[in-house]
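Top to bottom, those sequences are chains A and B. Under the UniProt record's numbering, think of the first position of the first sequence as 1, with each following residue one higher. Under the UniProt record's numbering, think of the first position of the second sequence as 1, with each following residue one higher. Data block below; observations after.
Number of protein chains: 2
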Amino acid sequence: MRRFVSGVLSSYQKRSLSHRSLRFFSSTTSLSNSDSPSSSSSAAMPTPVTLETINPKVLECEYAVRGEIVTLAQRLQQELQEKPGSLPFDEILYCNIGNPQSLGQQPITFFREVIALCDHPPILDKSETQGLFSADAIERAWQILDQIPGRATGAYSHSQGIKGLRDTIAAGIEARDGFPSNPNDIFLTDGASPAVHMMMQLLIRTEKDGILCPIPQYPLYSASIVLHGGTLVPYYLDEATGWGLEISELQKQLEDAKSKGITVRALVVINPGNPTGQVLSEDNQRDIVEFCKKEGLVLLADEVYQENVYVPDKKFHSFKKISRSMGYGEEDISVVSFQSVSKGYYGECGKRGGYMEVTGFGADVREQIYKVASVNLCSNITGQILASLVMSPPKVGDESYESYFMEKDGILSSLARRAKTLEDALNSLEGVTCNKAEGAMYLFPRIHLPEKAIKAAEAAKTAPDAFYARRLLNATGIVVVPGSGFGQVPGTWHFRCTILPQEDKIPAVVSRLTEFHKGFMEEFRD
Amino acid sequence: MRRFVSGVLSSYQKRSLSHRSLRFFSSTTSLSNSDSPSSSSSAAMPTPVTLETINPKVLECEYAVRGEIVTLAQRLQQELQEKPGSLPFDEILYCNIGNPQSLGQQPITFFREVIALCDHPPILDKSETQGLFSADAIERAWQILDQIPGRATGAYSHSQGIKGLRDTIAAGIEARDGFPSNPNDIFLTDGASPAVHMMMQLLIRTEKDGILCPIPQYPLYSASIVLHGGTLVPYYLDEATGWGLEISELQKQLEDAKSKGITVRALVVINPGNPTGQVLSEDNQRDIVEFCKKEGLVLLADEVYQENVYVPDKKFHSFKKISRSMGYGEEDISVVSFQSVSKGYYGECGKRGGYMEVTGFGADVREQIYKVASVNLCSNITGQILASLVMSPPKVGDESYESYFMEKDGILSSLARRAKTLEDALNSLEGVTCNKAEGAMYLFPRIHLPEKAIKAAEAAKTAPDAFYARRLLNATGIVVVPGSGFGQVPGTWHFRCTILPQEDKIPAVVSRLTEFHKGFMEEFRD
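Structural data, given as structure tokens:
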């Protein structure tokens, strides 16, 4: 009588315990269940969870941005704290990750004023508050509170995010693109990463489902595809043309995957590029949209660096804008745009705010995305508020506008200078070539390593670029990520280095890096 | 030459594009790839993502707490806004979800002061701030900022969370349990839900891996198990003994699952119970620990309601404390404790803070959990700070202690009164029996529905308890979740109702509910 549960639960319950068990039953001969720890009952039993018994997808996934070089860096940092002066440098410079505020970038004052006020609304109508906060921050906090049911910033929101904030974001997208945006297409998330996971979870059924990803790529994509059991179908960016994205390469890799029985479901494009820093041209974007349309692929557009463009001849265009400008609407193409509060000039990584704009899916599929979002209830409200602020910053005439503009412009123009200085410095090194950082927060130089260095890496059982990065860290305290963490053409070696150290530290970075590289080449020159 | 990438990426890349494709190749005859939308190339192609082509696990998962009754409630709320007076009630009362602040519960002032100050540190040393914030909130904000490298609350933290905050949490656990806690065992997360997903992801390899879950259960568990492709192995709580958890039932269901070839990997226990509200006795907890130890199961202890105990004869004990008090250490048993800032007296659902304390796993497995955490970089810093605050609230002698204590006690004693009033009201209804709400935030009454109502539900193609819940909503504006969303013994019907409406609304809830129920029984009495 108690064997089956009723109602909603029972439908899968019955499946798992009757239909499923039937399936198991017919195949139990090959199951090693009988010698698994859980069926023994000895008293002194080892913990049943070992590397051999965990989900192999977890074991398989890699995330080099916080990989072993970073673990080494953390160890060295502790050493520095415990024994100052014991290493040839006095601080660790984390150039491994796009984490601006960890390297001293200050948050935008207006944004922080608003979220502080929303976190503690009782001070909003106190007189002292006028002296501490700008008038438009106070006004904006009231506006936002009025958009939240019951002004309850401590309540779970709608699983897509607070409706009023989504209205603001949609208006911001519309102002940016010149095409309408629907607040019901917006899903607010704890940064862009969970949004990417949600789309992978939706699209990947089995390892026969493929996702076209750039190589080099940001390893969130490879990790997410592995964790969801799909297949990464690589397409190579062309280093020789400034990390160009060629349609012929997409086509070739798509055909190749198809011939192997893989159903390619989506194309990931990161624009501006991570780790490669290129900004796609409008023409190129149109070709990409056309390709996705022709092949029926979902276009997963990672647009988190949309504010980070440093060259006057390039401009960011969202893929949704491009597709709308080509006359393609909801019925024609599925485009998902990812945005985050962690990047841009705001760099609010710790706040974990972001959204995805999901267009070109049927109402029934969107409902499924909503359902998955609802299992996690909602994203954090502070992050939601911040996402609305970055899409709707102070405007000309607002009290905070001038200081906001100065802060923003100060950060972006400094980033542009830092990118150029580091790029020039890298290009001046023997055997190093580095493409222009048109956008994003990274340089991805190629290092032509001497044969002797490659042999030494082999002997040390590590990839040559990881060998280089480890030596660089040990000698200078500078943390970079080996190119092998992002993927690269075999036989080529790179590293990713952020442009984020504060400007007054750049000369030291350049001289330390230059000195190290010279010594390295001296030591290993063939 | 460009076919394979090198380094870390290549290891799985090669697998996916050579080894994997080989596997595909030998089985392509049965693949329907050739007629999938992506391989056609017609110009006017429909969007390729349909219910038929998305991940079936997404389709299969259910989450009733935000299911169709809630969708109906949102529609009615809009109707009320647009045409006030058009419905037989003037507000929707969301008793479907443990979301205290959405129903008017106020946040704890001290907590909000500290997070506001951490959001906008420049005001910390302004004189006006002394007039707006309590002295110990200012001091605590400084302490926390000093624990954050570079005082950067906008930077990604360590992927397990800021070390200083984990120290505070570990100290709080130690003070609660009387046994040591290691800060390196703490993983800070965006609420408890992502922590549960992480453990399911780690433990579930295939559908042959089972997780023992209580029935009734909180549907996060069923949803997460479905999404990760495992099998939910149910064990039934005994309604007749106040939702007792019997070891004989665990043993029976475990054996049953084993006999079907399922490897049971973990036992989920929710204490205090959700949706059932019982608080386990210490003896019972010891038996559960012994059972997990004997069977080599990971004990997944959902302890998010640890502060919500309303009866003097029961007390919360963490499962880690129980196992340590039995003499079991790291080597003997794997226990994961989930905690959240969303529940307790704080109810900070929108802040998405929480942690899991992971004990009894080898260093190598813990490294894998860290790796998965690192793919998402870190949880939101505000939530991290709040998690440290709830585990280390003001102490006797602190300036805020009295107001903190009054707020906390006010909320908890009111919840206890509300629980009792609602429990009594439910038990006074014809054909309704309701167990004691010893803890958590819910009542889970059983409704003995007349045959005629069950027939009417059948005719309306809905489960009888969903039929009842829908009628209740339409008549009174009260939103509850049908028992079928949590699982129940077949042929029995329940609903889950929170105890969270503010105390001045409870009389109206009781009278509306009573009146509705009488009318319903009149209408359907056999």
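Beta carbons are placed, not taken as given, at the ideal position from N, Cα and C, and that holds for glycine. Predicted model only: the values in this text are computed from it and were never measured.
Where A:R417 is concerned, the enclosing alpha helix (DSSP H) starts and stops at 401-427. Contacts with chain B (Cβ-Cβ distance below 9 Å) from the stretch 485-506 of chain A involve G485, F486, G487, Q488, V489, P490, G491, T492, W493, listed in chain order. Using a Cβ-Cβ distance cut-off of 8 Å, the stretch 230-243 of chain A and the stretch 208-217 of chain A are in contact, since at least three pairs of beta carbons, one from each stretch, lie closer than that value. A distance below 8 Å between beta-carbons, with the five flanking residues on each side excluded, links A:V372 to the following residues of its chain, in chain order: M198, Q201, L202. Counting only Cβ-Cβ distances below 9 Å, A:C95 has no contacts in chain B at all, with the closest Cβ about 14 Å away. Within 8 Å of the CB of A:G277, no CB atom of chain B is found; the nearest one sits about 19 Å away. Residues of chain B with a Cβ closer than 7 Å to the Cβ of A:E128 are, in chain order, E128, G131, L132. The stretch 421-428 of chain B makes no contact with the stretch 247-260 of chain B, as fewer than three CB pairs between them are under 8 Å. B:T153 reaches chain A at G350, counting residues in chain order whose Cβ is nearer than 7 Å. Proximity of B:F361 to chain A, defined by a Cβ-Cβ separation below 8 Å, is satisfied. In terms of Cα proximity to A:A466, the closest of A:G67, A:R265, A:R417 is A:G67. The Cβ-Cβ distance between A:G344 and A:N376 does not fall below 8 Å.
Not a single CB atom of chain B sits nearer than 8 Å to the CB of A:N427. Residue pairing from DSSP places A:D302 in a beta bridge opposite A:I270, A:F338. DSSP places A:C118 outside any beta strand (DSSP E); the residue lies instead in the alpha helix (DSSP H), whose first and last residues are 109-119. Of all residues in the stretch 51-74 of chain B, only L51, T53, I54, N55, P56, K57, V58, L59, E60, C61, E62, Y63, A64, V65, R66, G67, V70, Q74 place a beta-carbon less than 9 Å from a beta-carbon of chain A. By the Cβ-count criterion, A:I247 is exposed, with fewer than 16 other Cβ atoms from all chains shown falling within 10 Å of its own Cβ. Only residues of its own chain outside the window of five on either side were considered, and among them D190, R352 have a CB closer than 7 Å to the CB of B:N380, listed in chain order. Per DSSP, the continuous beta strand (DSSP E) segment holding B:L188 begins and ends at 186-189. With fewer than 16 other beta carbons inside 10 angstroms of its own, A:L51 counts as exposed. Counting of Cβ neighbours within 10 angstroms places B:S318 among the buried residues, the total reaching 16 or more. Residues G242, W243, E438 of the same chain have their beta carbon placed closer than 6 Å to that of B:Q278, with the five preceding and five following residues left out of the count. When secondary structure is reduced to three states using DSSP, B:I247 falls in the helix class. Of all residues in the stretch 157-174 of chain B, the ones placed with a Cβ closer than 7 Å to any Cβ belonging to chain A are S157, S159, in chain order. Any Cβ of chain A closer than 8 Å to the Cβ of B:T421 would place that residue at the interface, and such an atom is absent. Pairwise C-beta distances place the stretch 327-345 of chain A out of contact with the stretch 142-151 of chain A, as fewer than three of them are shorter than 8 Å.
Sixteen is the threshold: since fewer than 16 other Cβ atoms of the shown chains lie within 10 Å of the Cβ of B:F405, the residue is exposed. At a cut-off of 8 Å, the C-beta of B:N380 has a neighbouring C-beta in chain A. Listed along chain B, the residues sitting closer than 7 Å to A:H120 by beta-carbon distance are R112, E113, A116.
Annotation: Cβ neighbours of B:P48 in chain A (cutoff 8 Å, chain order): R265, G296, L297, V298, S334.
Put simply, the CB of A:K408 is far from chain B, with every gap to its CB atoms at 8 Å or more. Approximately 5 Å separates the beta-carbon atoms of B:F486 and B:P275; this is inside 8 Å, confirming the contact. Per the C-alpha coordinates, the member of B:T168, B:N96, B:E451, B:D177 positioned closest to B:K320 is B:D177.
Counting only runs of 4 or more residues that sit fully inside the stretch 157-186 of chain A, the alpha helix (DSSP H) segments are 163-177, in chain order. Note on B:P482: 16 or more other CB atoms within 10 angstroms of its CB, so buried under the neighbour-count rule.
With respect to chain B, the C-beta atom of A:L220 has a partner C-beta closer than 8 Å.
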